[in-house]
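First to last, the protein sequences are chains Z and P. So the number in the working numbering is just where the residue sits in the first sequence, counting from 1, plus 40. So the number in the working numbering is just where the residue sits in the second sequence, counting from 1, plus 281. We treat Cβ as the ideally placed atom computed from N, Cα and C, and that holds for glycine. Source: prediction; values computed, not measured. All remarks here apply to the structure that follows.
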Amino acid sequence: MRHIISVLLENESGALSRVAGLFSARGFNIESLTVAATHDSTLSKMTIVSIGDDGIIEQIVKQLNKLIDVVEVTDLTAHEHIERELLLLKIDVNSITQADIDKQIDDFSAKIIDVSEDTYLLELAGKSQKINDFLATFKTTKILEVARTGVTGVCQNRENN
Amino acid sequence: MKLNGAQILIQSLKNEGVECIFGYPGGAVLHIYDALDLSQEIKHILVRHEQGAVHGADGYARVSGKVGTALVTSGPGLTNAVTGIATAYMDSIPLVVISGQVSSAVIGNDAFQEVDAVGITRSCVKHNFLVTDINILASTVKKAFHIAATGRPGPVLIDITKDVTIAQTAEKSYPDTINMRSYQPEVAVEAAQISKAVDLIMSAERPLIYSGGGSVIGNASSELREFTRLLNFPITQTLMGLGAYPATDPQSLGMLGMHGTYEANMAMHEADCIIAVGARFDDRITGNLDKFCPFAKIIHIDIDPSSIGKTVSIDVAIVGQVRAVLSDLLQALKGKKTAEIANWWAQIDKWRSKDSLAYSTKTGVIKPQSVIQALYQVTGGEAIVTSDVGQHQMWAAQYYPFDEPRRWINSGGLGTMGFGLPAAMGAKLAEPSRDVACVTGEGSIQMMLQELSTMRQYSIPVKIINLNNGYLGMVRQWQEFFYNKRYAMSYMDALPDFVKLSEGYGHSGIKVEKSADLKPALIEAFKQKDKTVFLDIITDPTENVFPMIAAGAGHHEMLLASKDKMQSTDDEGLNLV
Ligand SMILES: Cc1cc2nc3c(=O)[nH]c(=O)nc-3n(C[C@H](O)[C@H](O)[C@H](O)COP(=O)(O)OP(=O)(O)OC[C@H]3O[C@@H](n4cnc5c(N)ncnc54)[C@H](O)[C@@H]3O)c2cc1C
Ligand SMILES: Cc1ncc(C[n+]2csc(CCOP(=O)(O)OP(=O)(O)O)c2C)c(N)n1
Ligand SMILES: [Mg+2]
Numbered sequence: 041m042r043h044i045i046s047v048l049l050e051n052e053s054g055a056l057s058r059v060a061g062l063f064s065a066r067g068f069n070i071e072s073l074t075v076a077a078t079h080d081s082t083l084s085k086m087t088i089v090s091i092g093d094d095g096i097i098e099q100i101v102k103q104l105n106k107l108i109d110v111v112e113v114t115d116l117t118a119h120e121h122i123e124r125e126l127l128l129l130k131i132d133v134n135s136i137t138q139a140d141i142d143k144q145i146d147d148f149s150a151k152i153i154d155v156s157e158d159t160y161l162l163e164l165a166g167k168s169q170k171i172n173d174f175l176a177t178f179k180t181t182k183i184l185e186v187a188r189t190g191v192t193g194v195c196q197n198r199e200n201n
Numbered sequence: 282m283k284l285n286g287a288q289i290l291i292q293s294l295k296n297e298g299v300e301c302i303f304g305y306p307g308g309a310v311l312h313i314y315d316a317l318d319l320s321q322e323i324k325h326i327l328v329r330h331e332q333g334a335v336h337g338a339d340g341y342a343r344v345s346g347k348v349g350t351a352l353v354t355s356g357p358g359l360t361n362a363v364t365g366i367a368t369a370y371m372d373s374i375p376l377v378v379i380s381g382q383v384s385s386a387v388i389g390n391d392a393f394q395e396v397d398a399v400g401i402t403r404s405c406v407k408h409n410f411l412v413t414d415i416n417i418l419a420s421t422v423k424k425a426f427h428i429a430a431t432g433r434p435g436p437v438l439i440d441i442t443k444d445v446t447i448a449q450t451a452e453k454s455y456p457d458t459i460n461m462r463s464y465q466p467e468v469a470v471e472a473a474q475i476s477k478a479v480d481l482i483m484s485a486e487r488p489l490i491y492s493g494g495g496s497v498i499g500n501a502s503s504e505l506r507e508f509t510r511l512l513n514f515p516i517t518q519t520l521m522g523l524g525a526y527p528a529t530d531p532q533s534l535g536m537l538g539m540h541g542t543y544e545a546n547m548a549m550h551e552a553d554c555i556i557a558v559g560a561r562f563d564d565r566i567t568g569n570l571d572k573f574c575p576f577a578k579i580i581h582i583d584i585d586p587s588s589i590g591k592t593v594s595i596d597v598a599i600v601g602q603v604r605a606v607l608s609d610l611l612q613a614l615k616g617k618k619t620a621e622i623a624n625w626w627a628q629i630d631k632w633r634s635k636d637s638l639a640y641s642t643k644t645g646v647i648k649p650q651s652v653i654q655a656l657y658q659v660t661g662g663e664a665i666v667t668s669d670v671g672q673h674q675m676w677a678a679q680y681y682p683f684d685e686p687r688r689w690i691n692s693g694g695l696g697t698m699g700f701g702l703p704a705a706m707g708a709k710l711a712e713p714s715r716d717v718a719c720v721t722g723e724g725s726i727q728m729m730l731q732e733l734s735t736m737r738q739y740s741i742p743v744k745i746i747n748l749n750n751g752y753l754g755m756v757r758q759w760q761e762f763f764y765n766k767r768y769a770m771s772y773m774d775a776l777p778d779f780v781k782l783s784e785g786y787g788h789s790g791i792k793v794e795k796s797a798d799l800k801p802a803l804i805e806a807f808k809q810k811d812k813t814v815f816l817d818i819i820t821d822p823t824e825n826v827f828p829m830i831a832a833g834a835g836h837h838e839m840l841l842a843s844k845d846k847m848q849s850t851d852d853e854g855l856n857l858v
C-alpha cells in the first residue's frame, strides 16, 4: 500500500543523505521525497511516499526513528490528513483548440502561468491522483515537459503535526 | 587559557574517562598526536593497521563494558578502519572512532588523503559527525560518547578537520550532560506489556528462554539468572549471548541456531512459548522462516523497536533495557504459580541424551574439538576467549562452556576474519589479570598477523590457539556439502612456519602435531604468564562442524554428525548463504 510518511528532523548537513541512504541500504522503495526548512530554522520537514506492506512500513517508521537526527516520524496515511503535490506542465498547443484546452484547465482548476507562441506552462496543485488524472487528459505527444514536486502533507487534527 | 582543538579533544576524552586509545598517526591527526603525547594521561596503543586499532578498541569495549576508542588519520587511515567499525556496528558495540579530515577549506577538492568519511561510514555507524568548527568540538565528543553507550549501543565516528585541531579558543568546562531532543534512548517499560507477558509465561507448558547479545551488552546477567531460576525454564543462548547464563548450569541447553545443540533447536521447534531476551532473530538462528517455531507464542524484549517484528512476527513486544524489563517481570511473577512443566523437561532430557556434540576420536590426528576441551581444562574455564571466524569459532563456542558474560569475544554479525588477535589485545588491556586465549585458524590469523608486533611493543601476552587444518575450513565444509566436493580456493598452499613467524616477532611458539603433546603444550603456554605464545596445532583437515541446520531447513531437520546424510539443499536454500 502507498504510505505518506512525514519526518521532522534536525536541519543538519547530511541529514537528508542519512534518510535517503537508509532507504537504499535497506531496500525500501521511495516514490517521492520532498524536504524543506520549517518555521523553526533548526528543523526540516521531509515527506516521503513509499509503497510496502504493513511490515515494511512498520520497519521504515522504526528505522527512521532510529536515526539520531530524526525528531518525529508520522505515517500520515494512518491519520486524517491532507496531501498536496505541485505540477508544472509545459504543453505544445499547436493544433489543440482553445476551447479544448480551456475545458481541460477548468475541469481541474489548473492555471496557465506562462504562454509562448506555441506552448503553455500550466500549474496544478492537488493530490497525486488528481495530477495523474490531469496528465492523462493530454496526448503524450503534446507534453513537452513535466516537473512534479512530489507529495507533501499534514495531519488535519491538532495533535499530530 | 587558550587551547587548540587537539588539546580540547584530548581534554574531552579524559573527561569521558578514556584510559586507553588505539590508533595510528598520519598528516591529518598530527596535532592530535602532539596533544596526546604532551598530555601523557591516556595510554595510546600504536597498532600496525587501522583495522587492528578498531578491533582492539572493540575487544576492550566488549570485555570492560566501557566505550572503546580509536584514532586514525584521514583517507586510507579511515578506509582501513571501516571493517572494524562495521564489525562493531553489527554486534552493537559502543565505540568512538576519531578520524582526521583534510582542512575545511579544501574539503571537496579531492585534497591529499581526502575521503568522504561520514559518507563512507554512514551505513555502518550508529551516528557520525563532521566537525569543522572548534566551538562545537567538546559538545560533539560528549554527544558521541552518549550516543555510543546508551540505548542500543554502537560505533560513532567523529571526523575532525585539520584546521579545527589547529585553531585556538578559550578553555571552557566540559559539559556534564547533554540533551538531544532527537535522541531519547531511555524508555519506560510498558506495564500493559509486562502483564500480557506474565499471562503467557504462567500458562506456558513448553516454555523456552532464548537469550542473546542484549543480555551481555545490557549487563543483565544476574537478572537473567534470577528470572530463569525462579521459573525453572530451560534457556538457550545465541553465539553473542554465551555466558550471560552459565553454560554448565543444568537449565542451560547450550547454543541454538545453525550450529546449536540438538536439544536447543528441538526445544525451539516444539516450544509453545518463547521468551526472547535481547536477541534479534538472526538468520543463523531462524533458519527457514516458514518452519520457525511453528507452535510458539513469542515474547520479545529488546531496546531497539526495529529489532522487534523485523523477521519474525511477535505476540508480545516489550521495548526496554533487558535489566529493567526482567526486573519488572520478576516483580510481577513473584508468588505466582506457573504451569507444570515436568513433561517438558523429560522431553528435553531425551533430546539431550542424543549428546549432539559427541565427535569421533580417530587416533593419529588431533581433533579440533579436543583442543578446545583441553583449553577449557587448562584454563579452568576462567579465560577470556576471543576468536576469529570459521569452523574454529564454532568449536570454541560449542566446547568451551562460558559461565560468565564478557568472556567470549567474537564477531558474530559481520563474521570478520582477522578480528580475533587485535580483539584479544584489547581484551587483555581491559582485564590484565585474566588469561586471554585467541582461538583462530591459519586463514584468519593471517588477516591481522601484524598485530603480533604491537603485542610485542606493549608486552600484551595472549595465547594464540591456531587450529591449523590447512583449509579455509568453513568454506571447505560448505563446498563438501553443497558444491559436490569441488574445493574451489579453500586450500591455501605455502603456509608460513608459524612458530618461526612468532619468534620473528619476538614471541615464542610451539607446534603441536600429536594428541599426546596437546595438553602439555597448553600447560606450558599458560605457564608463561607474561609472554605471547603461538600454539600452531595441526588438526584434522576433514573435520566438519556439527550439528548443522543446512540452509533452508528447519530446526527439527538438523544434521547430527557426518554420518547423517546431508539432504540436498535447493537453490532457495543456498540463497540464504
Ligand atoms: C560462521 C558463523 C556461524 C554462526 N552460527 C551461529 C549459530 O549457529 N548460532 C547463533 O546463535 N549465532 C550464530 N552466528 C552469529 C549470528 O550471525 C549472529 O551474530 C547472532 O546470532 C546474533 O545474536 P543475537 O541475536 O544475540 O543478537 P546481537 O547481535 O547480539 O543483538 C543484540 C540484540 O539485543 C538488543 N539489545 C542490545 N542491548 C540491549 C539492552 N541493553 N537491552 C535490551 N536489548 C538490547 C539489540 O537491539 C539487538 O536486537 C554465526 C556467525 C558466524 C560468523
Ligand atoms: C574478511 C573475511 N573474508 C572472508 C570470509 C568468509 N569466510 C568465512 S569462514 C572462512 C574460512 C576461515 O578459515 P580459517 O581461519 O582457517 O578457519 P577454519 O574455518 O579453517 O577453522 C572464510 C574465508 C570472512 N568471514 N571474512
Ligand atoms: Mg583453517
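Item                                                                                                                                                                                                    : Value
Just curious, the alpha helix (DSSP H) that Z:LYS170 is in, first and last residue?                                                                                                                     : 168-176
Quick test of the definition: if touching needs 3 or more C-beta pairs under 8 Å, does the segment 378-395 of chain P touch the segment 41-56 of chain Z?                                               : no
Can you determine whether any heavy atom of ligand 2 sits closer than 7 Å to the C-beta of P:ASP669, and answer yes or no?                                                                              : yes
Hey, is P:LEU782 close to ligand 3, as in C-beta under 7 Å from one of its heavy atoms?                                                                                                                 : no
List the residues of chain P whose Cβ lies closer than 7 Å to the Cβ of Z:GLN103, in chain order.                                                                                                       : SER587
According to the Cβ coordinates, are P:VAL646 and P:GLN758 closer than 8 Å?                                                                                                                             : no
Just to check, is the beta-carbon of P:ASN750 closer than 7 Å to a non-hydrogen atom of ligand 3?                                                                                                       : yes
Checking 8 Å against the spacing of the C-beta atoms, do P:HIS673 and P:THR721 come in under that value?                                                                                                : yes
How many Å lie between Z:LEU116 and Z:LEU56 at the Cα?                                                                                                                                                  : 19 Å
Output needed in chain order: residues of the segment 61-78 of chain Z with a Cβ under 7 Å from some Cβ in chain P.                                                                                     : GLY61, ALA65
If you measure beta-carbon to beta-carbon, which residues of the segment 46-58 of chain Z are closer than 8 Å to chain P?                                                                               : LEU49, GLU50, SER53, GLY54, SER57, ARG58
Mind listing which residues of the segment 449-473 of chain P have their C-beta closer than 8 Å to chain Z's C-betas, in chain order?                                                                   : MET461, ARG462, SER463, TYR464
Terminal residues of the continuous beta strand (DSSP E) containing P:GLY349?                                                                                                                           : 349-353
Is P:MET539 near ligand 1, with its Cβ less than 7 Å from a heavy atom?                                                                                                                                 : yes
Assuming P:MET536 and P:THR542 are in contact, meaning their beta carbons sit under 8 Å apart, how far apart are those beta carbons, in whole angstroms?                                                : 7 Å
Mind reading off the beta-carbon distance from P:VAL328 to P:ALA429? Whole number of angstroms is fine, and I expect it under 8 Å.                                                                      : In fact, because the Cβ distance is near 20 Å, the residues do not count as touching under 8 Å.
Mapping the DSSP letters down to three states, classify Z:ASN51 as helix, strand or coil.                                                                                                               : coil
Considering only residues of the segment 352-390 of chain P, which uninterrupted alpha helix (DSSP H) runs meet the minimum length of 4 residues and lie entirely inside it, listed in chain order?     : 357-371
Taking C-beta pairs closer than 7 Å, name the residues in chain P that Z:LEU98 reaches, listed in chain order.                                                                                          : The amino acid occupying residue 98 of chain Z in the given sequence is Glu; Leu does not appear at that position. The contacting residues are GLY590.
In angstroms with no decimal places, state the Cα-to-Cα distance between P:ARG715 and P:PRO742.                                                                                                         : 10 Å
Tell me whether the segment 632-643 of chain P and the segment 541-557 of chain P touch, counting them as touching only if at least three CB pairs, one residue from each stretch, are closer than 8 Å. : yes
Would you mind giving the Cβ-Cβ distance between P:LEU610 and P:MET371, rounded to the nearest angstrom? I have them listed as a contact below 8 Å.                                                     : Their Cβ separation, rounded to whole angstroms, is 28 Å, which puts P:LEU610 and P:MET371 out of contact at 8 Å.
Could you run through the segment 415-431 of chain P and flag, in chain order, every residue whose CB is less than 8 Å away from some CB of chain Z?                                                    : ILE428
Can you give, in chain order, each stretch of the beta strand (DSSP E) that sits fully within the segment 291-348 of chain P and has at least 3 residues?                                               : 301-304, 324-327
Flag Z:LEU49 as yes when its Cβ comes closer than 7 Å to any non-hydrogen atom of ligand 3, and as no otherwise.                                                                                        : no
Does the count of Cβ pairs from the segment 483-499 of chain P and the segment 443-458 of chain P closer than 8 Å reach three?                                                                          : no
Please return the same chain residues whose Cβ sits closer than 8 Å to the Cβ of P:ARG767, not counting the five positions on each side in sequence.                                                    : GLN760
Using 7 Å as the cut-off, classify the Cβ of P:SER651 as near or not near the heavy atoms of ligand 2, replying yes or no.                                                                              : no
Name the chain Z residues whose beta carbon is nearer than 7 Å to that of P:SER404?                                                                                                                     : GLY61, ALA65
Can you find a CB in chain P that lies within less than 8 Å of the CB of Z:ILE108?                                                                                                                      : yes
Following a CB-centred definition, is P:ALA718 positioned closer than 7 Å to any heavy atom of ligand 1?                                                                                                : no
Where P:PRO531 and P:GLY524 are concerned, what is the direct C-alpha to C-alpha distance, given to the nearest angstrom?                                                                               : 14 Å
In the segment 365-390 of chain P, which residues sit with their C-beta less than 7 Å from some C-beta in chain Z, listed in chain order?                                                               : none
May I ask you to report which of helix, strand or coil DSSP gives P:GLY722?                                                                                                                             : strand
Is the shortest distance between the beta-carbon of Z:VAL111 and the beta-carbons of chain P less than 8 Å?                                                                                             : yes
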